[in-house]
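In what follows, a single structure is set out as structure tokens and then discussed.
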Amino acid sequence: MTDKKLDLYVDVDGCSPSDRPPMADGAVTETAPSGGSRPTTTAEDSTVEERRLVRKLDLHIIPLVMGLYLFSFLDRVNIGNARLYGLEADLGLSSTQFQVAVSILFVTYLAFEVPSNLVLKRFTPRRWIAFIAVAWGVIATLTGLVQSYAGLVACRLLLGVVEAGLFPGLTLYLTFFYTKNELALRVGYLFVSAAVAGALGGLLAYGIGHMAGLRGLAGWRWILIVEGLPSVVLGVVTYFALPNDAPTAYFLSEDEKALMERRRGREYGHTKSSEQFGRDDMRKAFVDWKVWAFCVAQFGVDTMLYGFSTFLPTIIDGLGKWTAPQVQLLTVPCYFFGAASYMATAFASDRLQRRGVFCVAFGAVSTLGYAILLSDSASAVHYFACFLVAGGLYVVVGLPLAWLPNNSPRYGKRATATGLQLTVGNMSGIMSAFI
Numbered sequence: 045m046t047d048k049k050l051d052l053y054v055d056v057d058g059c060s061p062s063d064r065p066p067m068a069d070g071a072v073t074e075t076a077p078s079g080g081s082r083p084t085t086t087a088e089d090s091t092v093e094e095r096r097l098v099r100k101l102d103l104h105i106i107p108l109v110m111g112l113y114l115f116s117f118l119d120r121v122n123i124g125n126a127r128l129y130g131l132e133a134d135l136g137l138s139s140t141q142f143q144v145a146v147s148i149l150f151v152t153y154l155a156f157e158v159p160s161n162l163v164l165k166r167f168t169p170r171r172w173i174a175f176i177a178v179a180w181g182v183i184a185t186l187t188g189l190v191q192s193y194a195g196l197v198a199c200r201l202l203l204g205v206v207e208a209g210l211f212p213g214l215t216l217y218l219t220f221f222y223t224k225n226e227l228a229l230r231v232g233y234l235f236v237s238a239a240v241a242g243a244l245g246g247l248l249a250y251g252i253g254h255m256a257g258l259r260g261l262a263g264w265r266w267i268l269i270v271e272g273l274p275s276v277v278l279g280v281v282t283y284f285a286l287p288n289d290a291p292t293a294y295f296l297s298e299d300e301k302a303l304m305e306r307r308r309g310r311e312y313g314h315t316k317s318s319e320q321f322g323r324d325d326m327r328k329a330f331v332d333w334k335v336w337a338f339c340v341a342q343f344g345v346d347t348m349l350y351g352f353s354t355f356l357p358t359i360i361d362g363l364g365k366w367t368a369p370q371v372q373l374l375t376v377p378c379y380f381f382g383a384a385s386y387m388a389t390a391f392a393s394d395r396l397q398r399r400g401v402f403c404v405a406f407g408a409v410s411t412l413g414y415a416i417l418l419s420d421s422a423s424a425v426h427y428f429a430c431f432l433v434a435g436g437l438y439v440v441v442g443l444p445l446a447w448l449p450n451n452s453p454r455y456g457k458r459a460t461a462t463g464l465q466l467t468v469g470n471m472s473g474i475m476s477a478f479i
């Protein structure tokens with residue numbers, strides 16, 4: 045391992061990179077019946093097989109994972125779109141009450157992130173993630189029927205309870221299948237989902253808003269109802285389609301499952317104990333200063349992300365005299381640019397095995413965008429700044445979420461550290477509504 049790649053391998057497990065299982069650079073061997081070993085595949089053959097395997101994993105796992113996070117993020121932030129279609133006026137909310145309704149979700153979200161991650165294996169990923177999806181879909185749909193401020197707050201609190209386990213659970217789940225060299229791009233797909241959710245939310249709100257008056261319901265109610273229902277369907281699909289791990293993956297052959305086992309041994313070692321949850325692993329996560337450094341950094345970047353995602357329609361609305369549908373359409377290019385920026389960066393990060401340098405560079409881009417938004421520039425310049433913010437934000441939020449689990453070989457510490465990172469990061473959601 046060369047010095048220039050050290051920023052990827054932050055030692056959060058107390059072991060040096062040299063202590064990790066070595067990567068095979070020659071023939072893959074297995075024990076022969078006589079007790080010796082013989083070459084079975086060349087390095088070139090192994091690489092081809094592994095690429096074929098990763099493509100199969102991407103085909104069967106990534107679309108479902110992306111769909112789950114897309115609708116989760118959409119149901120969490122569509123309150124910003126609903127605001128433009130009369131939510132505040134119909135429920136008689138003050139601007140402070142609306143801000144409380146936005147942020148109150150994160151109170152329960154924070155409380156349940158780590159516990160949800162810790163029970164993922166006990167209930168199995170397939171059952172637990174399916175339950176989360178169905179539950180949040182029902183709650184998000186019923187939010188469209190609330191009649192008061194109290195009802196809205198109650199629904200947001202419950203939505204935080206059930207959605208809390210999804211993103212940390214999906215991030216942890218991806219480590220069951222992908223290696224360090226592959227993880228950033230796959231976590232990146234989740235952030236692409238978030239960006240697409242923002243763009244899709246604007247397009248859907250534009251279309252669904254025209255349903256105002258249908259069956260006596262306001263446009264904002266239809267936005268919440270229509271965008272909540274697909275999550276219930278997706279949860280049912282998840283129960284039947286999502287494999288718990290490589291040994292139970294219905295789409296893998298026995299040879300591919302054996303290759304998955306070799307990949308896991310290469311990354312985390314071959315001991316069974318490394319995949320079991322132990323209290324000592326949990327304790328190590330809580331006392332590791334590097335884990336807390338990631339947590340603090342996540343808090344900072346999530347503050348910018350939640351404020352931007354929830355209030356982008358409001359920001360654009362203030363740039364000119366736009367109708368609500370026009371505002372929704374103007375949000376779409378910003379989100380797509382953010383998605384493209386993250387995908388390109390995640391690909392480069394995996395290829396170069398660098399994380400930190402990209403986080404610093406794109407953090408500077410996003411900060412520049414916010415600085416322009418605070419200036420007295422023309423509306424067109426402010427709109428351009430929204431692209432800078434989106435292009436940088438998704439990178440600085442997403443890459444650390446692949447960086448930390450990359451360097452926690454033991455499952456217990458990996459689950460706890462990921463949950464802590466997201467819990468502290470999402471604390472920003474409480475205050476971001478008031479900034």
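Residues in the sequence shown are numbered consecutively from 45, following the numbering used here. Just so you know, even glycine gets a beta-carbon here, dropped at the ideal spot from N, CA and C.
Endpoints, alpha helix (DSSP H) assigned at residue i
| i | result |
| --- | --- |
| Asn-225 | 224–252 |
| Tyr-488 | Any question about residue 488 goes unanswered here, given that the chain covers just 45 to 479. |
| Ser-393 | 368–396 |
| Tyr-294 | Run containing Tyr-294: none; DSSP gives neither H nor E here. |
| Ala-174 | 169–187 |
| Val-277 | 263–285 |
| Leu-196 | 193–207 |
| Thr-467 | 455–470 |
| Gly-400 | 400–418 |
| Thr-152 | 139–162 |
Given residue i as reference, the closest of the options once Cα atoms are compared
| i | options | result |
| --- | --- | --- |
| Gly-435 | Leu-244, Tyr-414, Ala-249 and Val-409 | Val-409 |
| Ile-123 | Val-205, Thr-91 and Leu-248 | Leu-248 |
| Pro-377 | Leu-196, Ala-256, Ala-429 and Tyr-113 | Ala-429 |
| Phe-117 | Gly-181, Gly-188 and Ile-105 | Gly-181 |
| Asp-361 | Gly-351, Leu-349, Thr-375 and Met-348 | Thr-375 |
C-alpha distance - residue i paired with residue j, whole-angstrom precision
| i | j | result |
| --- | --- | --- |
| Asp-420 | Phe-355 | 19 Å |
| Ala-243 | Arg-230 | 20 Å |
| Cys-199 | Tyr-294 | 37 Å |
| Gly-213 | Arg-395 | 25 Å |
| Leu-210 | Lys-100 | 23 Å |
| Ala-208 | Arg-323 | 22 Å |
| Gly-442 | Gly-260 | 41 Å |
| Leu-373 | Arg-399 | 33 Å |
| Leu-227 | Leu-218 | 7 Å |
| Thr-462 | Trp-447 | 10 Å |
| Val-240 | Tyr-379 | 6 Å |
| Tyr-427 | Trp-366 | 13 Å |
| Ala-388 | Ala-238 | 16 Å |
With 16 other Cβ atoms within 10 Å as the buried cut-off, status of residue i
| i | result |
| --- | --- |
| Val-56 | Caution applies to Val-56, whose pLDDT of 47 falls short of 50 and renders its modelled position unreliable; the model cannot decide the point. |
| Val-404 | exposed |
| Gly-364 | exposed |
| Trp-266 | buried |
| Trp-333 | exposed |
| Ala-194 | exposed |
| Asp-299 | exposed |
| Phe-381 | buried |
| Ala-422 | exposed |
| Arg-127 | buried |
| Leu-418 | exposed |
Examine the Cβ distances between the region 245–259 and the region 148–159 and report whether three or more of them are shorter than 8 Å.
no
Does the region 435–446 come close enough to the region 232–239 to have 3 or more Cβ pairs within less than 8 Å?
yes
Can you find at least 3 beta carbon pairs, one from the region 279–288 and one from the region 168–181, that sit closer than 8 Å?
yes
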